[in-house]
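Visitor: Taking my numbering, the leading residue of the sequence shown gets 13, the next gets one more, and so forth.
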Amino acid sequence: ITGTGTDLVSVPGTYDIFNTLINLRDVLENNKGLSEAQVREILNMLPNPLEEVNKVLIQAEVSIGSKIGFLDDLKHNLKNLKYDTEDEATLLQEADISQIAIDLSRREILYQMSLAVAGRLMSMSLLDFII
């Protein structure tokens, strides 16, 4: 580097929206006393960084939108789960105790009968089949 210059240094992928807008403002105000040809040349180069920053912002917006959609779905599923839980709790609270007792005693009798049959089948021996 042997001297100073007025050219903008630009590396694709490193643009910052705020610095780009500040540079645009500075060029339009022409505080450095640039010639009109230099100002036009710089203004012709500025849309490239703005377009690149715009693409980055659009990609970020899409990413954020998908995350918001996921969170909305999660919120909806949690609400449904809450309502289902409340419905089950209501059904349990409104249960008819006498009907539950009858059903429980029927199942207990059926269980005892199954155990008795299984016990008789297990106790059979070869002599029981011969006789």
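Heads up, the beta-carbon is just placed ideally off N, CA and C, and yes, glycines get one too.
Only a predicted model underlies this, so the values are computations on that prediction, with no experimental measurement involved.
Evaluate I121 with the Cβ neighbour count: other Cβ atoms within 10 Å of its Cβ, from every protein chain shown; 16 or more gives buried, anything less gives exposed.
Guide: By the neighbour-count rule (16 or more Cβ atoms within 10 Å), I121 is not buried but exposed.
Visitor: Less than 9 Å between the beta carbons of V39 and I54, yes or no?
Guide: yes
Visitor: Measure the CB-CB distance between T102 and L62 and report whether it falls below 9 Å.
Guide: T102 places its beta carbon 9 Å or farther from that of L62.
Visitor: Classify D84 as helix, strand or coil using the three-state DSSP reduction.
Guide: helix
Visitor: Just confirm the distance between the C-beta atoms of L58 and N35, as a whole number of angstroms; I'd bet it's less than 8 Å.
Guide: 7 Å
Visitor: Quick check on the DSSP output: the alpha helix (DSSP H) that includes S126 runs from which residue to which?
Guide: For S126, the enclosing alpha helix (DSSP H) stretches over residues 109-135.
Visitor: Go through its chain and collect everything with a Cβ distance to S75's Cβ below 7 Å, but skip five positions before and after it.
Guide: none
Visitor: Could you round the C-beta distance between V51 and N42 to whole angstroms and report it? I think they count as a contact, below 8 Å.
Guide: With a Cβ gap of about 6 Å, V51 and N42 count as contacting.
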